[in-house]
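J.:
Numbering (the UniProt record's numbering), first residue to last: 1 to 563.
Here is the structure:
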């Protein structure tokens, strides 16, 4: 990330510095955790985190201040602490740099978790937390003005031994599709099958069991991986190597989290109408159950009311897809590397012509999980052949998808009750485009016409009938003033008499503003809406009206005002 030099000023009196210093030193330190503190208008971080932020994002330690350092004053000195002082290293970030740091830490780097603290003095509490596999708390900051290019997927791994064989249980959560998966398999001492599975899934974060003290201190090789402390310690080190190769962050959790005592009860809350008995193929695999229990505890799904009764569970079959480890994926240049000068240096860069963020994510999944079943491959290629051979179909689909928002992300926010009016209008626009997409698919008259109708057009028609999305559109048309979009997003004045009164007051003020703009244009000898324009100005989360003149007229207007 490019260096930023305009660090906000953190001004604290001596008592506040001392109190915060003592409180901060009482916190547990984790090298993988970065704590940011909300200072109402900007953010700060302290200790080793501050030095890391300064070197990584500012590219200089000159911005580091030392709170509580002797003779440091309110700022506490910069660069290095004064001789004999032991101040607390501190760095401040404006909102733009804070959001850029979040994207780099959680999306690009993927080896840190983040906490945002709220409070004052020595009284602070965690307001938000996120890690590479759990991004929902910071979705607004991470994807402001953009779309999620990749779906964050978190997995859990449980290791065990059965009849002298190393057994691996794995579970994963796909939050975009509300899908849980689990599997269990025998693996070798280098975890080759596990590595291939994590590459297939594209896991960003993996929950693993925290080693016991005896396993941590073990330095031996472990040989073939005996089930004792030596073997467990060797397995833990090899597992860490696998996570490093696939680029996933390992999150250690205590052994108790992997206990499957309450698993059936938790699944009963999370799954749709299915009964637990339908999933005996998963529940009969002890290591898969241990991994699934740890996954549910780590993601805290059962505590999210919006997630209850929304998920599906399936036994995952890694054999459905071609087996690729991390080295093979890099050697084949499947995805862009950080140092690539051109996006077309990778297979993904060459193939990606997707209109939407959802299409880009789907292509990534297909490249991570190449099919091996001939029937599945043929069905997919039939659709590709229809699109490649029919320019009218292809153009119709692309036009219908133009401007389509990230529906998966917006529907998650809708379920969680955190969606804004502007985002609801984006969903309205997406819903309105579905009939055009259906028509484009039904216009195809080639050999794949029946396949396109069955797989795509008919489900779209069912989703947009009078009982589903059409009803959603009618609700929005009745409740939101669509005539004022995109200038502003407001509830329709006809929805409530009080809103109608406020609407009349706003219209009166708008008339006054328009009259003032006309008078100003006349005084300056300019033409309203041509050489002088009445516009909205956005700053610090507020919108105000302003008059803007063209650069060509600026000198004449300035001289007229001075006269």
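For glycine and all other residues, C-beta sits at the position ideal for the given N, C-alpha and C. Computed from a predicted structure; not experimentally measured.
Is the beta carbon of residue 91 closer than 8 Å to that of residue 44?
T.: In contact: residue 44 and residue 91 (Cβ atoms closer than 8 Å).
J.: From the DSSP output, in three-state form, read off residue 467 for me.
T.: Coil, per DSSP.
J.: Which ranges does the beta strand (DSSP E) cover as unbroken runs of at least 3 residues, wholly within the stretch 155-193, from first to last along the chain?
T.: Those beta strand (DSSP E) runs which fall completely within the stretch 155-193 and span 3+ residues are 165-174, 179-186.
J.: Evaluate residue 372 with the Cβ neighbour count: other Cβ atoms within 10 Å of its Cβ, from every protein chain shown; 16 or more gives buried, anything less gives exposed.
T.: Looking at its Cβ environment, which holds fewer than 16 other Cβ atoms inside 10 Å, residue 372 is exposed.
J.: Exposed or buried, residue 73, counting other C-beta atoms within 10 Å across all chains shown (16 or more means buried)?
T.: A caution first: residue 73 carries a pLDDT of 40, below 50, which makes its placement in the model unreliable, though a value can still be read off. Exposed, since its Cβ has fewer than 16 Cβ neighbours within 10 Å.
J.: So is residue 49 buried or exposed if we call it buried at 16+ other beta carbons inside 10 Å?
T.: Under this definition residue 49 is a buried residue.
J.: Please list the terminal residues of the continuous alpha helix (DSSP H) segment that includes residue 383.
T.: It spans 374-389 - the alpha helix (DSSP H) in which residue 383 sits, taken as one unbroken run.
J.: Do residue 152 and residue 412 have their C-beta atoms closer together than 8 Å?
T.: No, the Cβ-Cβ distance between residue 152 and residue 412 is not below 8 Å.
J.: Could you spell out the range, first to last residue, of the beta strand (DSSP E) harbouring residue 209?
T.: 205-209 is the span of the beta strand (DSSP E), which, as asked, contains residue 209.
J.: Count the other CB atoms, across all protein chains shown, that sit within 10 Å of the CB of residue 187; report buried if there are 16 or more and exposed otherwise.
T.: That one is buried.
J.: As a quick exercise: from 363, 437, 471, 314, pick the residue whose alpha carbon is nearest that of residue 183.
T.: The option with the nearest alpha carbon to residue 183 is 314.
J.: Rounding to the nearest angstrom, what Cα-Cα distance links residue 243 and residue 279 in this structure?
T.: Using only the alpha carbons, I get a separation of about 29 Å.
J.: Is residue 118 near the ligand PLP, in the sense that its beta carbon is under 7 Å from a heavy atom of that ligand?
T.: The model depicted lacks the ligand PLP and carries no ligand whatsoever.
J.: With a threshold of 7 Å on Cβ separation, who are the neighbours of residue 80 within its own chain once the five nearest residues in sequence on each side are excluded?
T.: Reliability of the predicted coordinates at residue 80 is poor, the pLDDT of 49 falling under 50, and no value is obtained from them.
J.: For a test of the three-state rule: what should DSSP assign to residue 428, helix, strand or coil?
T.: In the structure shown, residue 428 sits in a helix (DSSP, three-state: H, G or I).
J.: If we count the other Cβ atoms within 10 Å of its Cβ and call it buried at 16 or more, is residue 190 buried or exposed?
T.: Exposed, because fewer than 16 other Cβ atoms sit within 10 Å of the Cβ of residue 190.
J.: So residue 290 and residue 158 are in contact, right, with Cβ under 8 Å, and what is the actual spacing, rounded?
T.: About 4 Å separates the two Cβ atoms, so the contact holds.
J.: Going by other Cβ atoms of all chains shown within 10 Å of its Cβ, with 16 needed for buried, is residue 543 buried or exposed?
T.: With fewer than 16 Cβ atoms within 10 Å of its Cβ, residue 543 is classed as exposed.
J.: Helix, strand or coil: which one does DSSP assign to residue 283?
T.: Looking at residue 283 - three-state DSSP - the assignment turns out to be helix.
J.: Under the rule that 16 or more other beta-carbon atoms within 10 Å means buried, what is residue 89, buried or exposed?
T.: Flag for residue 89 reads buried.
J.: Mind the definition here: the stretch 198-211 touches the stretch 244-251 only if three or more C-beta pairs lie below 8 Å; say whether that holds.
T.: These segments touch.
J.: Relative to the alpha-carbon of residue 238, which residue among 97, 452, 272, 193 has its alpha-carbon at the smallest distance?
T.: With distances taken between Cα atoms, residue 238 lies closest to 193.
J.: Are the stretch 131-138 and the stretch 97-116 touching by the rule of at least three beta carbon pairs closer than 8 Å?
T.: With a cut-off of 8 Å, the stretch 97-116 and the stretch 131-138 count as touching, because enough Cβ pairs lie within range.
J.: In chain order, which beta strand (DSSP E) runs of at least 3 residues are fully inside the stretch 14-58?
T.: If we require 3 residues or more, the beta strand (DSSP E) runs fully inside the stretch 14-58 come out as 33-38, 43-46.
J.: Taking residue 89 as part of the beta strand (DSSP E), name the residues at either end of that continuous run.
T.: Run containing residue 89: 88-93, per the beta strand (DSSP E) assignment.
J.: Whole angstroms are fine: how far does the CA of residue 417 sit from the CA of residue 17?
T.: Going from the Cα of residue 17 to the Cα of residue 417 covers about 38 Å.
J.: Determine the burial state of residue 285: buried for a count of at least 16 other Cβ atoms within 10 Å of its Cβ, exposed for fewer.
T.: Its Cβ being crowded by 16 or more others within 10 Å, residue 285 is buried.
J.: Hey, would you say residue 362 sits closer than 8 Å to residue 400, going by beta carbons?
T.: Their beta carbons are not under 8 Å apart, which means residue 362 does not touch residue 400 by this criterion.
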